[in-house]
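Each residue of the sequence shown is one higher than the one before, starting from 1 at the first, in the UniProt record's numbering.
Worksheet: the structure to be examined is printed underneath.
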Amino acid sequence: MARLLTDDEVERQLGDLPGWRREGDALVATLEAPDFPTAIRLVDEVAVEAEDMDHHPDIDIRWRTTHWSLSTHSEGGVTQLDVELAHRVTQAASRLG
Ligand code: HBI
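Pasting the structure below:
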């Protein structure tokens, strides 16, 4: 089971995650897609990765804008699972353009 990361560990790993920040017990990011179908494709791609990880994001979808909040609910904060999922969201977004 993933353990809670210390504040320093989170800050250090956010250095490799441009566009992401710590907000309370979650890592958050707001991403802009070129259009609504691309925003939905991003959510769809991440859904497959999240299911594979058995670790799921909270997503707010508004037209081309998706807001992502990643937290390990069972631990009540940020774990390495959230960092890994943030990388996968970022990679999927860069693949989709
Ligand atoms: N996803 N973000 C997130 N946080 C969790 O604590 C979590 C999850 N997906 C599944 C899950 N916990 C558990 O139900 C399974 O790991 C058993």
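Even glycine gets a Cβ: it sits at the ideal position worked out from N, Cα and C.
Distance, residue j Cα to residue i Cα
i	j	result
Gly24	Asp7	11 Å
Glu75	Glu9	16 Å
Gly97	Arg3	33 Å
Glu32	Arg64	6 Å
Asp82	Glu51	13 Å
Ile59	Gln80	19 Å
Asp35	Leu42	11 Å
Where residue i sits in the DSSP three-state scheme
i	result
Ala2	coil
Ala39	helix
Ala93	helix
Leu17	coil
Contact test: residue i Cβ vs the ligand HBI heavy atom, cutoff 7 Å
i	result
Asp54	yes
Ser69	no
Thr66	no
His73	yes
* Contiguous beta strand (DSSP E) assignments of at least 3 residues, all confined to the segment 46-89 -> As summarised for the segment 46-89, the continuous beta strand (DSSP E) elements at least 3 residues long and confined to that stretch are 58-62 and 65-70, given in chain order.
* Asked: Should the segment 10-22 be called in touch with the segment 50-59, which here means at least 3 C-beta pairs below 8 Å?
  -> By the C-beta criterion, the segment 10-22 is judged not to be in contact with the segment 50-59, since fewer than 3 inter-stretch pairs fall below 8 Å.
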